[in-house]
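Using my numbering, the first residue of the sequence shown is number 318, and each one after it goes up by one. The beta-carbon is built from N, C-alpha and C at its ideal position, and this holds for glycine as well. All values reported here derive from a predicted model rather than from experimental measurement.
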Amino acid sequence: MSDLAILGGKPVRTRPFAPWPQYLPADAARMQAVIESRHWGGYPMPSRYAREFADRFAQLHGAKYGLCVANGTIALIAALQAAGIKFGDEVIVPAYTWDGTATAILFAGAVPVFADVDPDTYCLTAATAEKCITPRTRAILPVHLAMRFADMDGLTALATKHDLRIVEDCAHAHGGCYRGRGAGSIGDLGCFSLQESKLMTAGEGGIVITSDLRAFEHLQSQVNCGRASMTDQFEQRVLGLNYRMTDLQAALLIGQLDMWPDLQARRDAAAKRLSAGLASIRGVRPLPEQAEITRSAIYCYVFQYRPERAGVSRDLIAAALEAEGIPCDGRFYEPVYRSDLFYATPENCPQLRTDYSGVHCPVSERAAYDEALWLPQFLLIGETSDVDDMLAAVEKVMHNFDALSRADPALAGLKSMSRAERPKYQRAQNY
Ligand SMILES: Cc1ncc(COP(=O)(O)O)c(C=O)c1O
């Protein structure tokens, strides 16, 4: 008999992990100040906190300008438009990402072209992107996924060679640095989500950063119904919408910035301890270190299930870990072209000439269905003993591989459901 919790035994962990989101007492005072100011509305006017957050956030990442917007998906759409992407242009995007990365490309009128990811970082590389270049390619949209960076050296060289723009999806990479350069400041524009599960959050929200004044002015008009930007040196007139962030959202973000250095250090230390421990457990593999990362951003801690023999699915391992009291997901993302949230056909997206049924990205599919295990970042901001509990749970589950191989595979339950099938609260939290 096994003592695995999923088979009726006692779980390793019954105490909850650190709560998320975190907040500061000063947040309430800032919210109160916005309420009493009677200026609740959207950036750019008057929006004291949205201005302060955008400036400090841009500076943290080494960009000249920042612009708050309603959410991360809108940030991507506005950034693609500010980068000059037009109807029918092709944009190369990794297959292994949140569906919204690709849907934003469609909503900007362009065509997402899916490239596979690197097996050690799960991110786009120049080699995988280059295979997707056609005469219609205008941009690359790398995603810095979970805890790793896309191959920005290679992608920058590729973009220069083919005269492409780079819009970075940094929804997982707040505060992260690649060779000393902040996420989002390496390409032409960088986009961040501030949704509830993210490393800085206002519940919902987004921000675009750039050092290109023309793009910044375009963005300001884009998100503010086409009104002229605050500086308007380039006198661009664009068809815009209201994509603004309220100052009530922005008031929460000041505290998020203030807390970030401490939380970043905690996640970094916990991730190192976790990687060291996982390295000695048979059947799992921590992602190899990525030397280019000079400051980590860990949205989720991802490691790999590499069993020595067949017989237990990755989804069952995820379910077994969760039963041990460790929040965990395997099917966090599907390759977007296979996700049932990605309803993109030539009928509903006139820029598409074909549907995506012929696309196959083997590394993304292996990660999504067989290999990757995702632990949410709030597991890394508590006590050292939290990490030890995670390691004990992984050790216990892997040690009981034989018992799991005889267990009913249906126990994987929720962990093997598609995104559309999952209960609403899980989709909303996105982990
Ligand atoms: C990689 C990635 N890109 C884009 C987004 C979109 O951000 P939002 O949910 O704020 O619209 C998310 C958020 O889940 C994401 O994880």
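**Request:** Using only alpha-carbon positions, find the residue among P336, V386, V484 that is nearest to L570.
**Result:** V386
**Prompt:** I524 by DSSP, collapsed to three states: which one?
**Reply:** strand
**Message:** In the DSSP output, what is R774 paired with across the bridge?
**Reply:** There is no way to answer for residue 774, as the model of the chain reaches only from 318 to 748.
**Request:** Could you tell me the distance, in whole angstroms, from the CA atom of R465 to the CA atom of H489?
**Result:** For R465 and H489, the gap between their C-alpha atoms comes out near 9 angstroms.
**Request:** Whole angstroms is fine: what's the gap from M734's alpha carbon to R631's?
**Result:** 13 angstroms
**Request:** Report buried or exposed for K713, applying the criterion of at least 16 other Cβ atoms within 10 angstroms of its Cβ.
**Result:** buried
**Item:** T414 beta carbon near ligand 1 (any heavy atom closer than 8 angstroms)
**Value:** yes
**Asked** What do you get for T445, buried or exposed, if any count of 16 or more other CB atoms within 10 angstroms of its CB means buried?
**Response** buried
**Item:** Local conformation of Y382 per DSSP, three classes
**Value:** strand
**Asked** Which runs of the beta strand (DSSP E) spanning at least 3 residues fall entirely within the stretch 344-407, listed in chain order?
**Response** 382-386
**Asked** To the nearest angstrom, how far is it from the Cα of G401 to the Cα of Q553?
**Response** 12 angstroms
**Request:** Drop a sphere of 10 angstroms on the beta-carbon of T331, count the other beta-carbons inside from all chains shown, and report buried for 16 or more, exposed for fewer.
**Result:** exposed
**Asked** What is the DSSP secondary structure of G675, reduced to helix, strand or coil?
**Response** coil
**Prompt:** Taking 8 angstroms as the line, does the beta carbon of C508 fall inside it for any heavy atom of ligand 1?
**Reply:** yes
**Item:** Span of the beta strand (DSSP E) around D486
**Value:** 482-486 is the span of the beta strand (DSSP E), which, as asked, contains D486.
**Request:** List the endpoints of the continuous beta strand (DSSP E) containing P603.
**Result:** 601-603
**Item:** Close-in-space but distant-in-sequence residues of the same chain around G493 (CB under 8 angstroms, 5 per side omitted)
**Value:** H461, F466, C487, G499, A500, I610, R612, S613, A614
**Rounded separation between G405 and P459 - CA only** = 19 angstroms
**Request:** Check whether the Cβ atoms of N388 and L511 lie closer than 9 angstroms to each other.
**Result:** yes
**Request:** List the whole-angstrom C-beta distance separating M517 from H491, where the pair is believed to meet the contact cut-off of C-beta under 8 angstroms.
**Result:** 5 angstroms
**Prompt:** Looking at C-alpha atoms only, which residue of D725, L721, I698 is the closest neighbour of P333?
**Reply:** In terms of CA proximity to P333, I698 leads the group D725, L721, I698.
**Message:** So, does the stretch 543-560 touch the stretch 408-422, judging by three or more C-beta pairs under 8 angstroms?
**Reply:** Flag = no, the stretch 543-560 and the stretch 408-422 do not touch.
**Asked** Within the chosen definition, does the stretch 582-599 reach the stretch 689-708 through at least 3 CB pairs nearer than 8 angstroms?
**Response** Output reads yes: the stretch 689-708 touches the stretch 582-599.
**Prompt:** Three-state secondary structure (DSSP) at P624?
**Reply:** DSSP places P624 in coil when its eight states are reduced to three.
**Prompt:** With D505 and T527 assumed to form a contact (beta carbons below 8 angstroms), what rounded beta-carbon distance in angstroms separates them?
**Reply:** 7 angstroms
**Request:** Measure the beta-carbon distance from R355 to A568 and round it to whole angstroms, keeping in mind my assumption that it falls under 8 angstroms.
**Result:** The pair is not a contact, with the Cβ atoms about 14 angstroms apart (cut-off 8 angstroms).
**Asked** Is any heavy atom in ligand 1 found nearer than 8 angstroms to the beta carbon of H489?
**Response** yes
**Request:** Could you spell out the range, first to last residue, of the alpha helix (DSSP H) harbouring F718?
**Result:** In this chain, the alpha helix (DSSP H) harbouring F718 covers 718-723.
**Message:** Considering only the alpha carbon of each residue, which of V601, F424, K403, C508 lies closest to E625?
**Reply:** V601
**Item:** Residues near I598 in its chain [Cβ-Cβ closer than 6 angstroms; skip 5 each side]
**Value:** V711, E712, M715
**Request:** Just mark E688 as buried or exposed, buried being the case when its beta carbon has 16 or more other beta carbons within 10 Å.
**Result:** buried
**Request:** Would you mind sorting P652 into buried or exposed? The rule is 16 or more other CB atoms within 10 Å of its CB.
**Result:** buried
**Item:** Distance, W577 Cα to N541 Cα
**Value:** 29 angstroms
**Prompt:** In three-state terms, what does DSSP make of R455?
**Reply:** strand
**Selected residue, minimal CA-CA separation from R368, among R561, S722, E639, L731** = R561
**Request:** Please check the pair C617 and L731, which I expect to be a contact at CB under 8 angstroms, by giving their CB distance rounded to whole angstroms.
**Result:** Wrong, their Cβ atoms sit about 17 angstroms apart, outside the cutoff.
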